[in-house]
Each structure stands twice: as C-alpha cells, then as structure tokens.
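Novice: I'd like to ask you about the structure that follows.
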Amino acid sequence: MNAWPSLSKGGGHQVEMPRGPLREISNSTSHRAIRGQKRIMARYIFCILPLVKKHLSRWKQVAQQCQSIELRRQALLSLEYKEFHCQGGAVFALAAEQRREELTALIVAYQTICDYLDNLCDRAGCTDGQAFQQLHKALIVALNPGKDHEDYYLYYPYKDDGGYLRQLVEECQHLVQGLPSWSLVQEDSLQLAELYSKLQVYKHLRAEVREGLLKEWIEMETRSHPSLYWQEFAAACGSTLALFELMALAARDTLSPEQVKRSLNAYFPWICSLHILLDYFIDRQEDLEGGDLNFTFYYEDKEEMLERLKLLVRQSHFYASLLPDSALAKTIVEGLLALYLSDPKVKQQAIQQNAFELLAESGPPAFRSYKLCQVVRKFW
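Heads up: take any position in the sequence shown, counting from 1, add 519, and you land on this note's numbering.
Below you can see the structure in the form of structure tokens.
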C-alpha cells in the first residue's frame, strides 16, 4: 500500500528556495531568535537530558531480565551505544511544558524499540526479511492503544526476551493514549511508522537483493515528491524526527489538522532526509570499507552530493520558518548540522571544507552550535 498520499494531505507542493545562505532576516529578528534558541538549549540540557537518563536507566534494568543471551546482549548494546538517539529525540519534549515527563518517557521508549530492532536486524547474524517484518510490527502496535500484541519473534532465531519488547510496546500504548490530541495525529504517525519499518526491512536484506527491492519500493512512494532523489526519500523514511514532532503536537490540548500538515511538510521529508543523510555523510569511509549500504553513494559524485545536501538545508530552514514554533524547528536543523559535522570522523576523512560549506548554508547560529558541540565532545 502506498502510504504517502494520505500522509501528505496536500503537502506535496514544494517551494524551491533561492541559492545561498539564509541571511534575509533582520538583525533584530536574528537577535530575538538567538535569545530564544539559547533558552531552548538551556532547558534541554538541564530539564530534558536528566529525564532521558532516568528512563534509559529504567529500561536497562528491564533489559537485564532477557532470558536469551543474544537478545539481552543486543538490548544492552543498543541502550549503551545508541543513547544519543534518545537524547536527540527528546528535544521535542521541550514543546510540551505540562506533559514534559510523559512525552520524554514516550520518545525514549519508542526510540529504544527502534534501536533494539535495528540491532536485531543488523548485528545478530539474521538476514530473514520475514523475521524483520514481524519484529517491526512492534512499532505499529506501540501506536495503537488497546491493540493486541503480535508474536514479534515468530520467525526470528532468538525468542525469549523476558517480556522486554512487550513492556516497551505497552509503555508506548499507555502514553499515547494519554495525549489529548493523539486522535488527530495517529493516522499520520502510523504511516510514518510503516515507512520506517519497511525501510528497515529492505535495508537489512542480503546485499545482492536489497538495492533492487529498496529502489522498487521507494519509487512507488516518491510519486508525490518528484523533486527528491530516491535515496533522499529513503533517508527521510529512516528518521523518527517527524514522528516525535507529531507526538509533541498530540500533547497539546487543542490542535488543528492544518497545524499537523504544516509540521509534516517541514519534517517529512526535508528535515528527516537531512538528518539521515548527514549521518551517512560522516560514515562514508567506514561504510565503504565495510561494504555497507550508504545513501550518499548513489550521487554521481561528491559535488552533486554536496549540492543536494545544501538544498536540503535550505528547504529544511524554509519550511521550519513557516511553523508557529519556528525557533525550536530551526534549532533542531542547526543542531543536526552541528552534531554530525563536529564528529571526529569529519576530520579523519579530511572533509572539513565540505562541513564548513554546509554550516555556512545554514548560517551563523549553526556555526555557534558547531563550536558548542566541539567543546562538549571533549568531555564525552
């Protein structure tokens, strides 16, 4: 089933931004935006990150109860080495002043499912597409309060997780049910989860079949977005940011369909695509050596790759600027650039000049976030 037409709800219209950095706002507006972003960063560091740590510690205790040695190992590895996924996703809890605790718990639980399943598909020696598809039903059930569990491990070689995955799913069901506007975002959330799940299934198949099947599926999905390359839409499917934005919207007491559509237009595909392609951009050498799938390899050359990434930066900023809470959305765009481009892999691959070009495309706030990330990394 093609999920995209319902998801877009008329949001397939695209506006091409002018080339070059985004410097059109006035100095006074810029200063206000900077002050707003500083407040966002302070609340994130001192309010959100401690909550993420608390919830991850709780799930580590549950993961210890996995009876299968392999499942326990993968659960604990995903919690330890992919902690930053939960930390990054939880930034959306800033938008829910009255429900910050619940939204952080929901984002941590859902992202933990994603990271755990990614490990099961990628690191446990299984390449069975049917097993991957069955595992990822957990992501759909998690967004359907009251829906019965599937036998998630039905086709998977390891099975006894001591109830770990079921507990994660049930936590998500309970928390989304408590969001006052969940009914307005549930359909779109489920379609985003379907896209994410299908991408995970295809990208983890055997190398000799995955590319053909992945392209065939994506080409059906991108008919409403012809200006995107297939790998750019595929990358967007691999991000959970749009889903977390919908969860944050659902935490509001009042919400309109128009607000949902505008947020989706910003996050999916633009910000989501930029998110995942930046991840692949800094992993190019590592993936080349390991023979792993990397969506940036499908550009004709590095020059085309860089131009397309710049386009995604411009589009992400443009659509973010149309949102009522544009300061948070723009902070997320700048934070993505800063986080990935400050990674030591950039220097190791001698692609600093490319990184600086992408930061310049975003503007001065991205450089400030980049400098901050460089400082923080020294203490990681």
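The beta carbon of each residue, even a glycine, is placed where N, CA and C say it ideally should be. All values reported here derive from a predicted model rather than from experimental measurement.
CA-CA distance, residue 661 and residue 626?
Specialist: Spanning the two alpha carbons is a distance of roughly 12 angstroms.
Novice: Using 8 angstroms as the cut-off, can you tell me whether the stretch 627 to 638 makes contact with the stretch 574 to 591, which would need three or more C-beta pairs spanning the two stretches below that distance?
Specialist: Short answer: they touch.
Novice: So residue 842 packs on residue 848, CB below 8 angstroms; how close in whole Å?
Specialist: About 5 angstroms; that satisfies the 8 angstroms criterion.
Novice: Measuring only between beta-carbons, confirm whether residue 618 sits less than 8 angstroms from chain D.
Specialist: The chain labelled as chain D is not found in the depicted structure, where only one protein chain is given.
Novice: Nearer than 7 angstroms: is that true of the beta carbon of residue 588 relative to any heavy atom of the ligand GTP?
Specialist: No copy of the ligand GTP appears in this structure; indeed no ligand is present at all.
Novice: Using only the alpha-carbon positions, how far apart do residue 577 and residue 639 sit?
Specialist: Residue 577 and residue 639: Cα-Cα distance of roughly 21 angstroms.
Novice: Would you mind listing the alpha helix (DSSP H) stretches within the stretch 739 to 776 that are 4+ residues and don't spill past its ends, in chain order?
Specialist: Counting only runs of 4 or more, we get 749 to 756 and 760 to 769.
Novice: At which residues does the alpha helix (DSSP H) containing residue 578 begin and terminate?
Specialist: First-last of the alpha helix (DSSP H) with residue 578: 568 to 582.
Novice: Would DSSP call residue 642 helix, strand or coil?
Specialist: If DSSP states are grouped into helix, strand and coil, residue 642 belongs with coil.
Novice: Would a C-beta distance cut-off of 8 angstroms place residue 774 and residue 845 closer than the cut-off?
Specialist: Contact: no.
Novice: Could you have a look at residue 587 and say whether DSSP puts it in helix, strand or coil?
Specialist: Coil, per DSSP.
Novice: Quick check on residue 679: does DSSP put it in helix, strand or coil?
Specialist: Residue 679 falls in the coil class under three-state DSSP.
Novice: Quick one: is residue 757 buried, meaning 16 or more other Cβ sit within 10 Å of its Cβ, or exposed?
Specialist: The residue is buried, with at least 16 neighbouring Cβ atoms inside 10 Å.
Novice: Nearest CA to the CA of residue 561: which residue from 613, 600 and 714?
Specialist: Nearest option by C-alpha distance: 613.
Novice: Please report the straight-line C-alpha distance between residue 742 and residue 704, rounded to a whole angstrom.
Specialist: Near 23 angstroms, if we compare the C-alpha coordinates of residue 704 and residue 742.
Novice: Thinking C-alpha only, which one of 790, 896 and 892 is nearest residue 747?
Specialist: Nearest option by C-alpha distance: 790.
Novice: Assuming residue 611 and residue 764 are in contact, meaning their beta carbons sit under 8 angstroms apart, how far apart are those beta carbons, in whole angstroms?
Specialist: With a Cβ gap of about 6 angstroms, residue 611 and residue 764 count as contacting.
Novice: Assuming residue 801 is part of the alpha helix (DSSP H), what are its boundary residues?
Specialist: 791 to 801 is the extent of the alpha helix (DSSP H) around residue 801.
Novice: May I ask you to verify whether the stretch 882 to 895 touches the stretch 807 to 815, counting CB pairs closer than 8 angstroms and requiring at least 3?
Specialist: Touching, no, given that fewer than three Cβ pairs across the two stretches are closer than 8 angstroms.
Novice: Can you say whether residue 642 is buried or exposed, counting buried as having 16 or more other CB atoms within 10 angstroms of its CB?
Specialist: Exposed, since its Cβ has fewer than 16 Cβ neighbours within 10 Å.
Novice: By Cβ distance below 8 angstroms, which residues in the same chain neighbour residue 646 in space, the five residues on each side in sequence not counted?
Specialist: Result list for residue 646: 723, 724 and 725, in chain order.
Novice: Hey, residue 657 and residue 694: beta-carbon distance below 8 angstroms or not?
Specialist: No, these two residues do not count as a Cβ contact at 8 angstroms.
Novice: Just the Cα atoms here: how many angstroms apart are residue 862 and residue 854?
Specialist: One C-alpha to the other measures close to 12 angstroms.
Novice: How big is the Cα-Cα spacing for residue 718 and residue 864?
Specialist: About 25 angstroms.
Novice: Quick check: the stretch 673 to 681 against the stretch 586 to 597, are there 3 or more CB pairs under 8 angstroms?
Specialist: Contact holds: three or more Cβ-Cβ distances are below 8 angstroms.
Novice: If you reduce the DSSP assignment to three classes, tell me which class residue 599 lands in.
Specialist: Helix, per DSSP.
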